[in-house]
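Undergrad: Residue numbers (the numbering used here), protein chains in the order written: chain A, 465 to 669; chain B, 465 to 669; chain C, 465 to 669; chain D, 465 to 669.
Number of protein chains: 4
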Amino acid sequence: MRSKNRSDGPSFLEAARRKQIVQCAIDVLAEEGFRRATLARIAERAEVSKSVVVYHFGAKDGVFEQVVAEVFGTANAEVQPRVQAAPSAAGKLRTYLRARLEHLDANRAHMQALFELWMNFRTEDGAMRLGEPDATETVDAIERILTAGQKSGEFTAFSAPVMAMTIRQAVDGALLRLRTEPDLDLAAYAEELVALFDRATRSQA
Amino acid sequence: MRSKNRSDGPSFLEAARRKQIVQCAIDVLAEEGFRRATLARIAERAEVSKSVVVYHFGAKDGVFEQVVAEVFGTANAEVQPRVQAAPSAAGKLRTYLRARLEHLDANRAHMQALFELWMNFRTEDGAMRLGEPDATETVDAIERILTAGQKSGEFTAFSAPVMAMTIRQAVDGALLRLRTEPDLDLAAYAEELVALFDRATRSQA
Amino acid sequence: MRSKNRSDGPSFLEAARRKQIVQCAIDVLAEEGFRRATLARIAERAEVSKSVVVYHFGAKDGVFEQVVAEVFGTANAEVQPRVQAAPSAAGKLRTYLRARLEHLDANRAHMQALFELWMNFRTEDGAMRLGEPDATETVDAIERILTAGQKSGEFTAFSAPVMAMTIRQAVDGALLRLRTEPDLDLAAYAEELVALFDRATRSQA
Amino acid sequence: MRSKNRSDGPSFLEAARRKQIVQCAIDVLAEEGFRRATLARIAERAEVSKSVVVYHFGAKDGVFEQVVAEVFGTANAEVQPRVQAAPSAAGKLRTYLRARLEHLDANRAHMQALFELWMNFRTEDGAMRLGEPDATETVDAIERILTAGQKSGEFTAFSAPVMAMTIRQAVDGALLRLRTEPDLDLAAYAEELVALFDRATRSQA
DNA sequence: GATGAATGAGATTTCATTCAT
DNA sequence: TATGAATGAAATCTCATTCAT
């Protein structure tokens, strides 16, 4: 295991190495898919030996866990504050969609990688590794906006969980489209979704 | 591959075995995911030796191809006629959502399996095996309904491709929910989606 | 095992089947090599099931043994009488070379197949299956001609075993050439060998 | 394949391992034939796990390729200079035969192994792996000596390609004899071939 | 006589992981 | 910290053979 260094936390170099490896893992996941994201492949990208990866992360799954943390983290860090800042529930929803798709546009590899893990990262016995806890984090946030909007009268009546899931899936739809259509105009896509879910949610006159 | 049956095509027993193995493959895919859907695991479920699977399908991929054919086939056979029969575009869309979710309800393993393959079934060189051609089949069908409805004035203005993808993803959202919430009321879920996309698509007064 | 039929020996049909299968084995060996000469491949060529081959020959090796017998048999049947008929030792040698290459010309597949087996047909423990007994049959026959010629004064002094082996190998040389040069003029090749070994063997003036 | 050694090429230990494995492959090929020269058998001989072989050579074929290179290399390195040094065409031919058989004497396993590969080493689709290019290298070298000798008047008229092939095959004849007669006196065999081909080639008085 | 179905042994290859240096 | 070497488990696939019909 890693030797202690004087400042007690991970050294600067250590952090850099970890970040580099995580980034390479993201790239491999995004470009070649989960199945090809082997230790050897990741190490090769990072131009280090497999052992280095194991050394820093304990095991292969450790890298993926870090990828998830990293990607979730940066996504939330970028999206949440903007959503919080929006005044109304409807505004928050619009902001959410725009922020998510802007972030997707700027971090395609990150999101593709997360998607690969989302679908495939499982424990030894086949159970999903990214299940409720992680999914909930995302969907619940949307759900809270929706229920708030319903309470305030901005939104019409609908099942918040269903709507929330549909919204989350709509964003993933953009991600999927990107796979075969890399030139997709995500800003336009975002506006379409904004309009779509505005009609779907807003209080009827 | 087994030697050609010169006369009558696959025998009754042969067909039964194939069906049995395909079903086991579906179950393994649905319950344990693509990565654990190995020859050994599938054979174990079917209580036959690995060789039997190879004997009947030539290679592992042959099983998966059959799974796709089977699942696509039964899904389309059930959904399409009902959609065709609906009179208006709006009716077709409602019927599509209901039919898809009813079918999902009755064929959970099938759909989970298809989903696993959808995400992971790749060729030797990493290219998706279920890519554009298959995806298009589904999304395009929805898109055609949408554009027809826009022409007839039933639907308002929106990007048909984006709406179509969102609808497809909404259905998959139900599938994902099922993973962690097996008691989900899919009929209610369907009605929510029907209402949601009705508001999202219908011509404004 | 095969059921008795009234005339005690193999029935006519039985013999025909066996011949057909042996011929197919020869073709596969000649065209695709020993390693690809599998039971399945041979059966496929013969348009029968693998089981038929096993039924008639007991096991795969039985087919190959029959191939050897067949090819050796027809080769000897054609070459030996002509050699016997030649008056002198020198004449026998010339006749041997011409007869062998004519036979090769007319039975390319047979000889290629024999060659494949010669090189590869081994017992379970890796020992050659076509060793001394079979090789000797061929080389010894040549050797006898050579020693006779030396006794009669037609041939000069040399080691008969070495010369015999060299002659046998010279014929196989033609076979090898055929592999990459199918249009090779074997009659001309024969005359070259005749002249070559005439100079190499004949009594010096 | 092992990860690249970025600095100095193969390490000393690496080279030793590779050499050891190649040697074991040669031994297995020579003693048990191509078909039994499996990864498992080779590894067993080398007293390492199968994975080690794969680790060092990437795949089984890599070992065989190395065997060919190794054996071809040492054979040529020993024979060619001696042949070059001989003054006349006749002298070169004599030297060639002696050098080849001396080398065979000292490297029986090497030559048997090469022979096995020669006959059996094929690509996925059944094509010979050691075909024209490699064969030509050997036969052409002999052919050049022969045509030179004919031009200079040392040799009589004959087809150089046929003579060259016959000479090559004569050497292989010795190799074959060794299989069943390990005590064969190769020096004497060489002198017999020298005399034989001297008579067969030299200009008539 | 003949066949399809099934099987098990064994071959190659991939890959995460361990370990000595 | 880092690496090369080694390993064993597991995966896919091939193939001769057996067996019930």
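Note that CB positions come from ideal geometry on N, CA and C, so glycine has one too. Because the structure is a prediction, the values reported are computed rather than measured.
In this structure, does DSSP put residue 449(D) in helix, strand or coil?
TA: Residue 449(D) falls outside the range modelled here, since chain D spans only 465 to 669, and no answer is possible.
Undergrad: Do the stretch 481–493 of chain D and the stretch 576–583 of chain D touch if we need at least three Cβ pairs shorter than 8 Å?
TA: Output reads yes: the stretch 576–583 of chain D touches the stretch 481–493 of chain D.
Undergrad: With respect to the alpha helix (DSSP H) encompassing residue 627(A), which residues constitute its N-terminal and C-terminal limits?
TA: It spans 624–644 - the alpha helix (DSSP H) in which residue 627(A) sits, taken as one unbroken run.
Undergrad: Relative to the C-alpha of residue 584(C), which residue among 558(C), 500(C), 475(C), 519(C) is closest?
TA: Selected option, being the one with the closest Cα: 500(C).
Undergrad: Between the stretch 526–537 of chain C and the stretch 550–568 of chain C, do at least 3 Cβ pairs fall closer than 8 Å?
TA: Contact between the stretch 526–537 of chain C and the stretch 550–568 of chain C is absent, because fewer than three Cβ pairs lie under 8 Å.
Undergrad: Kindly say whether residue 633(D), judged by its beta-carbon, lies nearer than 7 Å to any beta-carbon of chain C.
TA: True, the Cβ-Cβ gap to chain C drops below 7 Å.
Undergrad: Express the C-alpha separation of residue 522(A) and residue 662(B) in angstroms, rounding to a whole number.
TA: Taking the straight line from one Cα to the other gives about 51 Å.
Undergrad: Please list the segments of the alpha helix (DSSP H) lying wholly inside the stretch 469–543 of chain D, counting only runs of 4 or more residues, in order along the chain.
TA: Runs of the alpha helix (DSSP H) inside the stretch 469–543 of chain D: 476–496, 503–510, 514–521.
Undergrad: Under the DSSP definition of a beta bridge, which residues are partnered with residue 619(C)?
TA: DSSP lists 666(C) as partners of residue 619(C).
Undergrad: Given a cut-off of 7 Å on the beta-carbon distance, is the pair residue 660(A) and residue 628(B) in contact?
TA: No, Cβ-Cβ distance for residue 660(A) and residue 628(B) is not below 7 Å.
Undergrad: By the criterion of Cβ-Cβ separation under 8 Å, what are the contact partners of residue 664(B) in chain A?
TA: Near residue 664(B) (Cβ distances below 8 Å), the residues of chain A are 660, 661, 663, 664.
Undergrad: Give the single residue among 631(C), 525(C), 622(C), 512(C) whose Cα lies nearest to the Cα of residue 588(C).
TA: It is 525(C).
Undergrad: Any Cβ of chain C within less than 7 Å of the Cβ of residue 529(D)?
TA: Closer than 7 Å: no.
Undergrad: When the Cβ atoms of the stretch 638–658 of chain B are set against those of the stretch 612–625 of chain B, are three or more pairs found closer than 8 Å?
TA: In short, these stretches do not touch, since the Cβ pair count stays below three.
Undergrad: Is residue 583(A) close to chain B, meaning its C-beta is less than 7 Å from at least one C-beta of that chain?
TA: So yes, residue 583(A) belongs to the interface.
Undergrad: With which residues is residue 608(A) paired in a DSSP beta bridge?
TA: Per DSSP, none; premise fails for residue 608(A).
Undergrad: Taking the straight line between their C-alpha atoms, what separation do you get for residue 625(C) and residue 518(C)?
TA: In a straight line, the C-alpha of residue 625(C) is about 40 Å away from that of residue 518(C).
Undergrad: Is the CB of residue 575(C) under 7 Å away from at least one CB in chain D?
TA: Taking Cβ atoms only, chain D never reaches closer than 7 Å to residue 575(C), which makes this a no.
Undergrad: Return yes when the Cβ of residue 603(A) is within less than 7 Å of the Cβ of residue 531(A), no when it is not.
TA: Going by C-beta atoms, residue 531(A) is not nearer than 7 Å to residue 603(A).
Undergrad: In the stretch 488–504 of chain D, which residues sit with their C-beta less than 8 Å from some C-beta in chain C, listed in chain order?
TA: Listed by position along the chain: 495, 496, 497, 498, 499, 500.
Undergrad: Consider the Cβ of residue 611(B): report whether some Cβ of chain A lies at a distance smaller than 7 Å.
TA: No - not a single Cβ of chain A is within 7 Å of the one on residue 611(B).
Undergrad: From residue 528(B) to residue 646(A), what does the alpha carbon distance come to, in whole angstroms?
TA: Spanning the two alpha carbons is a distance of roughly 28 Å.
Undergrad: Are residue 572(C) and residue 654(C) touching if we call contact CB-CB under 7 Å?
TA: Their beta carbons are not under 7 Å apart, which means residue 572(C) does not touch residue 654(C) by this criterion.
Undergrad: At a CB-CB cut-off below 7 Å, which residues of chain B make contact with residue 653(A)?
TA: What residue 653(A) touches in chain B: 626.
Undergrad: Looking at chain C, is there any beta carbon in it that lies within less than 7 Å of the beta carbon of residue 555(D)?
TA: Chain C contact via Cβ: absent.
Undergrad: Under the three-state reduction of DSSP, which class applies to residue 572(C): helix, strand or coil?
TA: Looking at residue 572(C) - three-state DSSP - the assignment turns out to be helix.
Undergrad: Does the CB of residue 475(D) have a neighbour CB from chain C at under 7 Å?
TA: Output row for residue 475(D): interface = no.
Undergrad: Would a check of beta-carbon distances place residue 526(C) closer than 7 Å to chain D?
TA: Taking Cβ atoms only, chain D never reaches closer than 7 Å to residue 526(C), which makes this a no.
Undergrad: Between residue 482(B) and chain A, is there a C-beta pair that is closer than 7 Å?
TA: No - not a single Cβ of chain A is within 7 Å of the one on residue 482(B).
Undergrad: Answer with buried or exposed for residue 670(B), where buried requires no fewer than 16 other C-beta atoms within 10 angstroms of its C-beta.
TA: What the structure shows of chain B is the stretch from 465 to 669, and residue 670(B) is not part of that stretch, so it cannot be assessed.
Undergrad: Is the separation between the beta-carbon of residue 634(B) and that of residue 633(A) shorter than 7 Å?
TA: Cβ atoms of residue 634(B) and residue 633(A): closer than 7 Å.
Undergrad: Could you tell me which chain D residues have their CB closer than 7 Å to the CB of residue 623(C), listed as they occur along the chain?
TA: Result: 656.
Undergrad: Let me check one thing: in DSSP terms, what residues is residue 592(B) bridge-paired to?
TA: Per DSSP, 586(B).
Undergrad: Out of 611(D), 644(D), 650(D), state which residue places its alpha-carbon closest to the alpha-carbon of residue 570(D).
TA: Cα-wise, what sits closest to residue 570(D) is 650(D).
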